[in-house]
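*Asks:*
2 protein chains.
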Amino acid sequence: MNVDQRLLRLARQPYADKHTQSIWMQIYDRLGEAVESGLLPEGSRLPGEDDLASMFGVTRVTLRRALSLLQHEGRLVSRKGVGVFVRSISVRYEVRETEAFNMALNGADSRMDALSLVRKPASADAAEALGLKSGEEVTEVRFIQHAQSTPYYYAVKEFPVSVMPEFARDYEKTGSILGAYAAAGIESYLRTETRITGDFATEEEADLLHISRQAPVLRSRSVNEDNTGRAIEYNRGCWPMLSVELVFNNKTPFA
Amino acid sequence: MNVDQRLLRLARQPYADKHTQSIWMQIYDRLGEAVESGLLPEGSRLPGEDDLASMFGVTRVTLRRALSLLQHEGRLVSRKGVGVFVRSISVRYEVRETEAFNMALNGADSRMDALSLVRKPASADAAEALGLKSGEEVTEVRFIQHAQSTPYYYAVKEFPVSVMPEFARDYEKTGSILGAYAAAGIESYLRTETRITGDFATEEEADLLHISRQAPVLRSRSVNEDNTGRAIEYNRGCWPMLSVELVFNNKTPFA
DNA sequence: TAGTGGTCTAGACCACTCG
DNA sequence: GAGTGGTCTAGACCACTAA
Numbered sequence: 001m002n003v004d005q006r007l008l009r010l011a012r013q014p015y016a017d018k019h020t021q022s023i024w025m026q027i028y029d030r031l032g033e034a035v036e037s038g039l040l041p042e043g044s045r046l047p048g049e050d051d052l053a054s055m056f057g058v059t060r061v062t063l064r065r066a067l068s069l070l071q072h073e074g075r076l077v078s079r080k081g082v083g084v085f086v087r088s089i090s091v092r093y094e095v096r097e098t099e100a101f102n103m104a105l106n107g108a109d110s111r112m113d114a115l116s117l118v119r120k121p122a123s124a125d126a127a128e129a130l131g132l133k134s135g136e137e138v139t140e141v142r143f144i145q146h147a148q149s150t151p152y153y154y155a156v157k158e159f160p161v162s163v164m165p166e167f168a169r170d171y172e173k174t175g176s177i178l179g180a181y182a183a184a185g186i187e188s189y190l191r192t193e194t195r196i197t198g199d200f201a202t203e204e205e206a207d208l209l210h211i212s213r214q215a216p217v218l219r220s221r222s223v224n225e226d227n228t229g230r231a232i233e234y235n236r237g238c239w240p241m242l243s244v245e246l247v248f249n250n251k252t253p254f255a
Numbered sequence: 001m002n003v004d005q006r007l008l009r010l011a012r013q014p015y016a017d018k019h020t021q022s023i024w025m026q027i028y029d030r031l032g033e034a035v036e037s038g039l040l041p042e043g044s045r046l047p048g049e050d051d052l053a054s055m056f057g058v059t060r061v062t063l064r065r066a067l068s069l070l071q072h073e074g075r076l077v078s079r080k081g082v083g084v085f086v087r088s089i090s091v092r093y094e095v096r097e098t099e100a101f102n103m104a105l106n107g108a109d110s111r112m113d114a115l116s117l118v119r120k121p122a123s124a125d126a127a128e129a130l131g132l133k134s135g136e137e138v139t140e141v142r143f144i145q146h147a148q149s150t151p152y153y154y155a156v157k158e159f160p161v162s163v164m165p166e167f168a169r170d171y172e173k174t175g176s177i178l179g180a181y182a183a184a185g186i187e188s189y190l191r192t193e194t195r196i197t198g199d200f201a202t203e204e205e206a207d208l209l210h211i212s213r214q215a216p217v218l219r220s221r222s223v224n225e226d227n228t229g230r231a232i233e234y235n236r237g238c239w240p241m242l243s244v245e246l247v248f249n250n251k252t253p254f255a
């Protein structure tokens, strides 16, 4: 029995009393289960909306309410003119903030790719957090991180030029941020503050992370200092909300 | 000029090209601005959907797409048979995780109310996090926190009976958790681990926090230990996603 | 060019809330 | 009973994508 047939059987199950739970909610539940059970595997394309609507015995409008919620949750992604696809949220990556850059990933095929690297005046946010003078320059690097060929983290980092004047060269040579730190004479550092908020994806983030616009994300803004207390990095990152669990450990007892 | 008139003027502004941005998105933007600008104050009721639809010159269905997104974001709340209301997200509360219980609030009228206090076997989650034996009992306390008479934090705390056998009495007497700690001989403690995730509100959470079901929330799960390393509390909390900023500070340098 | 998802309409019925 | 938000339909037109 192929996927379409099994999906059809799922769709054709009788609905519970409409007044108990709305039809579109029941469709939402069934499609969600289909994704979680693996009937609709990660990355696979759903039948067209007209087909789905007739399978579930409803109008396209009603069907779309179910799809729409699944998209807002970041579980499905639609591409205009192409189709609706399953976005994996089966894994929830654990990110240990104390490990700073080395995010703990289950799989080994994790890549952190630099999208761009430019020298420019610090953003207002970074200038304040790093205590920079107005107009002071930074090296800004945009990163995207994948796991199992799904993007799940997007970050913009700013490194003061005054601290690491040759960041671009050093990063190029060593291929890692820690390498660039070391090349600038920074052997140890401290992530002094991390601020976490929830928000909705911007258009750029939605594109890069393969989620819908308006899908919720977790944002992190953090500052790194070297062991002399000098601010060396400002980082803004975001994850699709359901894709990550942030873990903070603490060793400092309270009074 | 009253609110309805000013809202009408906002609604009657010509729409940008439909192909640039959809009508419902433009309505969404305008209503969002109306909330942020204070034209629609916190807690106020919007005109009925029929009225709004005719004000904006669209069908109720189209208008509802705008309202629906604002509700998913936790900025509006609807009450069936009553109306649609503005939920304040103008403030984003800063919660310093290192201060554990004493959340930094701008205003002074913050209350932490206990909803229930019962003795029962530890939840599976808590038992694992606290290292309890199967079936071991805890005192479970459910809290809701308000600021400016808006609920913005809901927490379920579990305290092992083996550590604080008289928690209920001590909490009653002192009126605070720290008081109950002290009464049990715990003078200092350590929030050893905090795990942050994003999720969607359950029905109970949506009710208590005055947000829509399916509105995103930030969840925190944390463990407190006393200065001998004994686990004394397991806490599960959640905030409406847009209402909070979590701040973590770190004093431990990396290797 | 055919198929896809995105938008919008006009109208209907319902359950819920409150006076 | 009057007004509210919640649901659903049947049909239409559009822009985008890929073959």
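Going down the list, the protein sequences come from chains A and B.
Letter by letter, the first sequence follows residues 1 to 255 in the UniProt record's numbering.
Letter by letter, the second sequence follows residues 1 to 255 in the UniProt record's numbering.
Even glycine gets a Cβ: it sits at the ideal position worked out from N, Cα and C.
What's the call for L115 (chain B), buried or exposed, on a 16-neighbour Cβ count within 10 Å?
*Replies:* In the second sequence, counting from the first residue as 1, residue 115 (chain B) sits at position 115. By the neighbour-count rule (16 or more Cβ atoms within 10 Å), L115 (chain B) is not buried but exposed.
*Asks:* So for R142 (chain A), helix, strand or coil by DSSP?
*Replies:* Counting from one through the first sequence, the residue named residue 142 (chain A) turns up at place 142. R142 (chain A) falls in the strand class under three-state DSSP.
*Asks:* Cβ closer than 7 Å: which chain A residues qualify as neighbours of H72 (chain B)?
*Replies:* What you label residue 72 (chain B) is simply residue 72 of the second sequence in a count that begins at 1. Here the neighbours are H72.
*Asks:* Determine the direct distance from the alpha carbon of D4 (chain A) to that of P47 (chain A), and round the result to whole angstroms.
*Replies:* Residue 47 (chain A) sits at position 47 when you count from the first residue of the first sequence. Residue 4 (chain A) sits at position 4 when you count from the first residue of the first sequence. In a straight line, the C-alpha of P47 (chain A) is about 8 Å away from that of D4 (chain A).
*Asks:* Kindly indicate the opening and closing residues of the alpha helix (DSSP H) around E205 (chain B).
*Replies:* As a working note, residue 205 (chain B) is residue 205 in the second sequence. Unbroken alpha helix (DSSP H) run through E205 (chain B): 203 to 209.
*Asks:* At a CB-CB cut-off below 9 Å, which residues of chain B make contact with Y214 (chain A)?
*Replies:* By one-based count along the first sequence, residue 214 (chain A) stands at place 214. Reading off the sequence shown, one finds Gln at residue 214 (chain A), where the question assumed Tyr. Near Q214 (chain A) (Cβ distances below 9 Å), the residues of chain B are L69, H72, E73.
*Asks:* Tell me whether L76 (chain A) sits in a helix, a strand or coil according to DSSP, three-state version.
*Replies:* For the purposes of this step, residue 76 (chain A) is identified with residue 76 of the first sequence, where counting begins at 1. Of the three classes helix, strand and coil, the one that applies to L76 (chain A) here is strand, per DSSP.
*Asks:* When burial is assigned at 16 or more other CB atoms within 10 Å of the CB, is T197 (chain B) buried or exposed?
*Replies:* Walking along the second sequence from the start, residue 197 (chain B) turns up at place 197. Counting Cβ neighbours within 10 Å, T197 (chain B) comes out buried, since at least 16 surround it.
*Asks:* Runs of 4 residues minimum, wholly inside the region 117 to 176 of chain B: which ones carry the alpha helix (DSSP H) assignment?
*Replies:* List check, alpha helix (DSSP H) in window: 124 to 130, 167 to 174.
*Asks:* Take G229 (chain B) as the anchor and find which of B:R75, B:F248, B:E193 has the nearest alpha-carbon.
*Replies:* In the second sequence, the residue the question calls residue 229 (chain B) occupies position 229. When only C-alpha atoms are compared, the closest one is B:E193.
*Asks:* Does the beta-carbon distance from E137 (chain B) to K120 (chain B) come in below 8 Å?
*Replies:* Within the second sequence, numbered from 1, the residue matching residue 137 (chain B) stands at position 137. Within the second sequence, numbered from 1, the residue matching residue 120 (chain B) stands at position 120. Against a cut-off of 8 Å, the Cβ pair of K120 (chain B) and E137 (chain B) comes out as a contact.
*Asks:* Under 8 Å between C-beta atoms, does R30 (chain A) make it to chain B?
*Replies:* If you number the first sequence from 1, residue 30 (chain A) lands on position 30. Chain B, which has no Cβ nearer than 8 Å to the Cβ of R30 (chain A), makes this no.
*Asks:* At the level of alpha carbons, what is the spacing between L70 (chain A) and E172 (chain A)?
*Replies:* The residue given as residue 70 (chain A) occupies position 70 in the first sequence. The residue given as residue 172 (chain A) occupies position 172 in the first sequence. C-alpha separation (whole angstroms): 40 Å.
*Asks:* Rounded to whole angstroms, what is the Cα-Cα separation between V247 (chain A) and Y28 (chain B)?
*Replies:* Here residue 247 (chain A) refers to the residue found at position 247 of the first sequence. Here residue 28 (chain B) refers to the residue found at position 28 of the second sequence. Using only the alpha carbons, I get a separation of about 35 Å.
*Asks:* Measure from the alpha carbon of S220 (chain B) to the alpha carbon of each residue in A:A180, A:P14, A:V244, A:R75, then state which is nearest.
*Replies:* Taking the first residue of the second sequence as position 1, residue 220 (chain B) is located at position 220. Among A:A180, A:P14, A:V244, A:R75, the Cα nearest to that of S220 (chain B) is on A:V244.
*Asks:* Mind checking G135 (chain A): buried by the 16 CB within 10 Å criterion, or exposed?
*Replies:* Reading the first sequence from its first residue, position 135 is the one you call residue 135 (chain A). It counts as exposed.
*Asks:* Counting only beta-carbon separations shorter than 8 Å, does residue 308 (chain B) have a partner in chain A?
*Replies:* There is no way to answer for residue 308 (chain B), as the model of chain B reaches only from 1 to 255.
*Asks:* With a CB to CB cut of under 7 Å and the five nearest residues on each side skipped, what residues in its chain are close to H72 (chain B)?
*Replies:* Along the second sequence, one-based indexing puts residue 72 (chain B) at 72. So the list reads S212, Q214, A215, once near-sequence residues are dropped.
*Asks:* Cα separation between P160 (chain A) and G57 (chain A)?
*Replies:* Here residue 160 (chain A) refers to the residue found at position 160 of the first sequence. Here residue 57 (chain A) refers to the residue found at position 57 of the first sequence. One C-alpha to the other measures close to 59 Å.
*Asks:* So with Cβ pairs under 8 Å, would you call N102 (chain A) a contact of chain B?
*Replies:* For the purposes of this step, residue 102 (chain A) is taken as the residue at position 102 of the first sequence. Residue placement at N102 (chain A) is flagged as unreliable, the pLDDT there being 41, under the threshold of 50; the coordinate-derived value follows with that caveat. Not closer than 8 Å to any Cβ of chain B, the Cβ of N102 (chain A) fails to qualify, so no.
*Asks:* Just list the residues that DSSP pairs residue 327 (chain A) with in beta bridges.
*Replies:* Since the displayed chain A opens at 1 and closes at 255, residue 327 (chain A) lies outside it and no answer follows.
*Asks:* Can you name the residues of chain A whose CB is closer than 7 Å to the CB of L218 (chain B)?
*Replies:* Here the question's residue 218 (chain B) lines up with position 218 in the second sequence. What L218 (chain B) touches in chain A: G198.
*Asks:* Whole angstroms are fine: how far does the CA of D17 (chain B) sit from the CA of L209 (chain A)?
*Replies:* Here residue 209 (chain A) refers to the residue found at position 209 when the first sequence is read from its first residue. Here residue 17 (chain B) refers to the residue found at position 17 when the second sequence is read from its first residue. So the two alpha carbons sit approximately 28 Å from each other.
*Asks:* Between residue 256 (chain B) and chain A, is any beta-carbon pair separated by less than 8 Å?
*Replies:* Since the first residue shown for chain B is 1 and the last is 255, residue 256 (chain B) is missing from the structure and cannot be characterised.
*Asks:* For G32 (chain A), tell me which candidate among A:L10, A:P165, A:G175 has the shortest Cα-Cα distance.
*Replies:* Stepping through the first sequence from its first residue, residue 32 (chain A) is reached at position 32. It is A:L10.
*Asks:* Within the 8 Å Cβ cut-off, does L242 (chain A) reach chain B?
*Replies:* Taking the first residue of the first sequence as position 1, residue 242 (chain A) is located at position 242. Yes - at least one Cβ of chain B is within 8 Å of the one on L242 (chain A).
*Asks:* Nearest to N235 (chain A) by alpha carbon, out of A:L242, A:T150, A:V141?
*Replies:* For the purposes of this step, residue 235 (chain A) is taken as residue 235 along the first sequence, with counting starting at 1. Selected option, being the one with the closest Cα: A:V141.
*Asks:* Below 8 Å on the Cβ atoms is my guess for residue 283 (chain B) versus G237 (chain B); work out the distance and round it to an integer in Å.
*Replies:* Absent from the structure is residue 283 (chain B), since the part of chain B shown begins at 1 and ends at 255.
*Asks:* Are G74 (chain A) and R45 (chain A) touching if we call contact CB-CB under 8 Å?
*Replies:* Here residue 74 (chain A) corresponds to residue number 74 of the first sequence, with the count starting at 1. Here residue 45 (chain A) corresponds to residue number 45 of the first sequence, with the count starting at 1. No.
*Asks:* Could you spell out where the beta strand (DSSP E) holding I196 (chain A) opens and where it closes?
*Replies:* As a position in the first sequence, residue 196 (chain A) is number 196, starting the count at 1. Start and end: 189 to 200.
*Asks:* Is DSSP giving A114 (chain B) helix, strand or coil here?
*Replies:* The residue you call residue 114 (chain B) lines up with position 114 of the second sequence. A114 (chain B): strand per DSSP, three-state reduction.
*Asks:* Locate the alpha helix (DSSP H) running through Y28 (chain A), then write down its first and last residues.
*Replies:* Along the first sequence, read from residue 1 onward, the residue named residue 28 (chain A) stands at position 28. Segment 23 to 36, the alpha helix (DSSP H) holding Y28 (chain A).
*Asks:* Hey, is L117 (chain A)'s beta-carbon within less than 8 Å of any beta-carbon in chain B?
*Replies:* Residue 117 (chain A) sits at position 117 when you count from the first residue of the first sequence. False, the Cβ-Cβ gap to chain B never drops below 8 Å.
*Asks:* A231 (chain A) and L117 (chain A) - do their beta-carbons sit closer together than 8 Å?
*Replies:* Along the first sequence, one-based indexing puts residue 117 (chain A) at 117. Along the first sequence, one-based indexing puts residue 231 (chain A) at 231. Their beta carbons are not under 8 Å apart, which means L117 (chain A) does not touch A231 (chain A) by this criterion.
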